[in-house]
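> My structure is below; once you've seen it, I'll send some questions.
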Amino acid sequence: MGVTKTQIFTDKQNELAVIFKVLANPARIAILEYISKQEACICNDIVDEIGLAQPTISQHLKELKSIGLISGEIEGKRVCYCINLERWSAIQEMLNTFFNKTKTNCC
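At position 39 of the sequence shown (counting the first as 1) the number is 38 in our numbering, and the numbers step up by one without a gap.
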């Protein structure tokens with residue numbers, strides 16, 4: 000989809016498309032699952048847990064952060080990541096609305 004083609008869609012459609020695109024990577028899903036199961040923000044153990052190289056993990060974290068699903072705080076030389084619960088709930092509501100309003104009237 001070209002840059003100008005997004006103009007023919009609603010803001011909500013474009014936002015959902017960006018969210019789906021970010022979530023369409025299994026590594027990002029694994030990262031979200033891992034972070035969401037922790038008692039506190041996580042700092043450096045994602046690489047060991049997920050099994051991907053640090054630059055790859057950093058790129059995935061950047062994508063998740065771009066849609067606001069996670070937030071990162073600098074603690075010394077490390078960045079610690081947490082789920083952004085407010086945004087998590089907002090995206091959950093958007094996805095629920097999308098799926099609940101989409102009819103399954105196929106044969």
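The beta carbon of each residue, even a glycine, is placed where N, CA and C say it ideally should be.
#1: With 16 other CB atoms within 10 Å as the buried threshold, where does I28 fall?
#2: Whose C-alpha, out of K61, A16, D47, C79, is nearest the C-alpha of A39?
#3: Could you tell me the distance, in whole angstroms, from the CA atom of A52 to the CA atom of V46?
#4: First and last residue of the beta strand (DSSP E) that includes I41?
#5: Check each candidate in G75, I69, L15 and name the one with the smallest Cα separation from I82.
#6: Nearest-angstrom Cα distance between I66 and V17?
Checking against the coordinates, here is how it stands:
#1: The residue you call residue 28 lines up with position 29 of the sequence shown. It is exposed - the Cβ of I28 has fewer than 16 other Cβ atoms within 10 Å.
#2: Counting from 1 along the sequence shown, the entry for residue 39 is found at position 40. For A39, the nearest C-alpha among the options comes from C79.
#3: Here residue 52 refers to the residue found at position 53 when the sequence shown is read from its first residue. Here residue 46 refers to the residue found at position 47 when the sequence shown is read from its first residue. Cα to Cα, A52 sits roughly 6 angstroms from V46.
#4: What you label residue 41 is simply residue 42 of the sequence shown in a count that begins at 1. Run containing I41: none; DSSP gives neither H nor E here.
#5: To locate residue 82, count along the sequence shown from 1; it is residue 83. Per the Cα distances, I69.
#6: The residue you call residue 66 lines up with position 67 of the sequence shown. The residue you call residue 17 lines up with position 18 of the sequence shown. Between I66 and V17, the C-alpha separation is close to 8 angstroms.
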